[in-house]
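Numbering (the working numbering), first residue to last: 134 to 383.
First the structure, in the form of structure tokens, and then the observations on it.
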């Protein structure tokens, strides 16, 4: 905080910390000129939508044009997927002079690779999902399976690791970058059979390949989910993707 008070040209922070500093009046955005939001899709799936929205609303941009849009702040948004929310943010806060760089085939139909086989399995509860998970990995991945399990939270990921035991590690939002890289290298080299990942733990471009993928519950964002499936299946002859759900999630 003392560094902020002394003056900083660049501040790097998570959305929640920005809100905290703003509420405590330890951070001022009055002279902000460039706002960069990286991995917005990760922040959205991590539940930071309100924090991002509140931060943008609190920005004191200075002069506005006749339409009420900022004329002095440059907004730069990076995201693996474009969502309706991102489009709305761009329309509300950015000027009409917006440059969109899309390296994906945005006009292509929403689909995964033809080598991906999708399965859905009805479960009675989360405990039921955990109990059948070892059998699912063996059935759809074989005895030498290489699997990735998508968990919805850190606590859920820890529970899955405890259930599967040796040869399984988790990557979640609190995993340090160096540790994350070490775990990924262990999985790619074959030292780990199973990788448990939360959506905030890793982006779609960093997904390693696997034989079987298990999603512990239906995805909130189908585009984000399918990008990760494609990352896992790329280059594989076949990837079995198993989605677990309860009657309440149907």
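In this text, a Cβ means the ideal position worked out from N, Cα and C, and glycines have one as well.
* Helix, strand or coil for residue 342, going by three-state DSSP, please let me know. => coil
* Would you check if the stretch 181 to 189 and the stretch 138 to 149 touch, i.e. whether three or more CB-CB distances between them fall below 8 Å? => yes
* Would you say residue 144 faces chain D, with C-beta separation under 8 Å as the test? -> Given the protein chain composition of this structure (a single chain), no chain D is represented.
* Asked: Below 8 Å between beta carbons: does that hold for residue 376 and residue 341?
  -> no
* Residue interval of the beta strand (DSSP E) (run including residue 283) -> 280 to 284
* Please classify residue 323: is it buried, with 16 or more other beta-carbons within 10 angstroms of its beta-carbon, or exposed? => exposed
* Please work out which residues of its chain come closer than 6 Å, Cβ to Cβ, to residue 305, disregarding the five sequence neighbours upstream and downstream, and give them in chain order. => 287, 290, 331 and 334
* Asked: For residue 250, which beta-bridge partners are listed by DSSP?
  -> 373
* To do: Taking residue 206 as the reference, give the member of 230, 256 and 348 with the closest Cα.
  => 230
* To do: Using three-state DSSP, classify residue 327 as helix, strand or coil.
  => strand
* **Classification of residue 321 by the beta-carbon crowding that lies within 10 angstroms, buried from 16 upward** => exposed
* Compute the distance between the beta-carbons of residue 300 and residue 271, then report whether it is under 8 Å. => no
* residue 257 and residue 379: beta carbons closer than 8 Å? -> yes
* residue 216 in three-state terms, based on DSSP -> coil
* Might you give, ordered along the chain, the residues of its own chain that have their beta carbon closer than 8 Å to the beta carbon of residue 382, omitting 5 neighbours on each side? => 350 and 351
* Among 161, 172, 309 and 144, which has the Cα closest to the Cα of residue 219? -> 172
* If I'm right that residue 293 touches residue 282 with Cβ under 8 Å, what's the distance once you round it to whole angstroms? => 6 Å
* In terms of residues, what are the limits of the beta strand (DSSP E) holding residue 303? -> 301 to 304
* Taking just the CA atoms, how far does residue 370 sit from residue 353? -> 28 Å
* Burial state of residue 327, where buried means 16 or more other Cβ atoms lie within 10 Å -> buried
* **C-alpha distance - residue 119 paired with residue 284, whole-angstrom precision** => The structure shown does not extend to residue 119, since the chain is modelled only from 134 to 383, so the question has no answer here.
* Asked: Is there at least one non-hydrogen atom of the ligand FMN closer than 7 Å to the beta-carbon of residue 341?
  -> Here there are no bound small molecules, and the ligand FMN is not part of this structure.
* Out of curiosity, what's the CA-to-CA distance linking residue 196 and residue 166? -> Annotation note: pLDDT 47 at residue 196 (below 50); position unreliable, coordinate value reported separately. Cα to Cα, residue 196 sits roughly 12 Å from residue 166.
* For residue 170, does the three-state DSSP call read helix, strand or coil? -> strand
* For residue 189, does the three-state DSSP call read helix, strand or coil? -> helix
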